[in-house]
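See structure below.
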Amino acid sequence: LPGCPANADNITATLVHYLTFGSLPATDSKGRPLFAYGTRIHDACERRAHFDAGQFVLEWGDAGHKKGWCLYKMGCKGPSTFHNCPIIRWNEATSWPVGAGHGCVGCSEPDFWDTMTDFYARLPKVTGFGAEATADKIGLGIAAATAVGFGAHGVAKAIQRRAGLGSEGPAPGSMEDDTDGSE
Numbered sequence: 017l018p019g020c021p022a023n024a025d026n027i028t029a030t031l032v033h034y035l036t037f038g039s040l041p042a043t044d045s046k047g048r049p050l051f052a053y054g055t056r057i058h059d060a061c062e063r064r065a066h067f068d069a070g071q072f073v074l075e076w077g078d079a080g081h082k083k084g085w086c087l088y089k090m091g092c093k094g095p096s097t098f099h100n101c102p103i104i105r106w107n108e109a110t111s112w113p114v115g116a117g118h119g120c121v122g123c124s125e126p127d128f129w130d131t132m133t134d135f136y137a138r139l140p141k142v143t144g145f146g147a148e149a150t151a152d153k154i155g156l157g158i159a160a161a162t163a164v165g166f167g168a169h170g171v172a173k174a175i176q177r178r179a180g181l182g183s184e185g186p187a188p189g190s191m192e193d194d195t196d197g198s199e
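Printed below as a string of structure tokens:
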């Protein structure tokens with residue numbers, strides 16, 4: 017089982033499953049047991065709420081580090097690593113690297129020495145930096161949709177008026193409104 021080192025609880029569970037059922041537990045596409053490697057570390061991390069809120073440690077020992085903020089910008093590989101570390105933990109379930117204040121190094125992923133180093137460099141292509149970024153994108157989308165809606169309504173009304181389909185007549189105060197009695 018991949019990991020550096022492999023988690024003793026995962027080894028034991030795999031062996032017990034094999035001895036009990038005569039087969040290996042369900043596996044992912046890489047042949048790893050799904051119970052241990054079926055969830056992204058990022059999704060079960062106790063620091064995930066800080067990622068979603070855009071709260072990141074920017075320097076070892078800074079205020080964010082002391083408050084337990086997200087370690088992604090310090091090189092944490094949790095968003096790209098599949099393992100049950102945050103759930104099962106280490107040392108009789110007392111802690112794990114992120115819980116101890118160090119980012120995940122991605123040791124359960126294939127070829128992690130080649131794909132996950134430099135251990136202190138941020139991973140490329142991880143989308144969405146916090147709830148604020150998501151809210152900004154949603155707000156921009158709503159504003160754009162509203163503008164398109166108003167534009168479409170204006171065009172439809174102009175076409176309707178030119179075709180003489182409008183039953184309400186000219187808008188009050190418009191150039192076409194001749195209700196003031198002038199000729």
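So this note's numbering is basically just the index in the sequence shown, starting at one, shifted up by 16.
Ideal placement from N, C-alpha and C gives every residue a C-beta, glycine not left out.
Pair within 7 Å by beta-carbon distance, residue i and residue j
| i | j | result |
| --- | --- | --- |
| G19 | C123 | yes |
| K58 | W85 | The question names Lys, but residue 58 is His in the sequence shown. Not in contact: H58 and W85 (Cβ atoms no closer than 7 Å). |
| L139 | S96 | yes |
| I27 | L17 | yes |
| G80 | C120 | no |
Assumed close pair residue i, residue j - CB separation to whole angstroms, cut-off 8 Å
| i | j | result |
| --- | --- | --- |
| L87 | V73 | 5 Å |
| Y53 | H99 | 6 Å |
| I104 | N23 | 6 Å |
| T133 | E125 | T133 to E125, Cβ: 12 Å. No contact. |
Residue environment, residue i, which counts as buried when at least 16 other CB atoms sit within 10 Å
| i | result |
| --- | --- |
| N107 | exposed |
| W112 | buried |
| E62 | exposed |
| F166 | exposed |
| F128 | buried |
| V164 | exposed |
| T30 | buried |
Where residue i sits in the DSSP three-state scheme
| i | result |
| --- | --- |
| S111 | strand |
| W129 | helix |
| C92 | coil |
| R56 | strand |
| F135 | coil |
DSSP beta-bridge partners of residue i
| i | result |
| --- | --- |
| P49 | T43 |
| C86 | F72 |
| F98 | R56 |
Chain B contact for residue i (CB, 7 Å cutoff)
| i | result |
| --- | --- |
| L40 | The structure shown has no chain B; it contains just one protein chain. |
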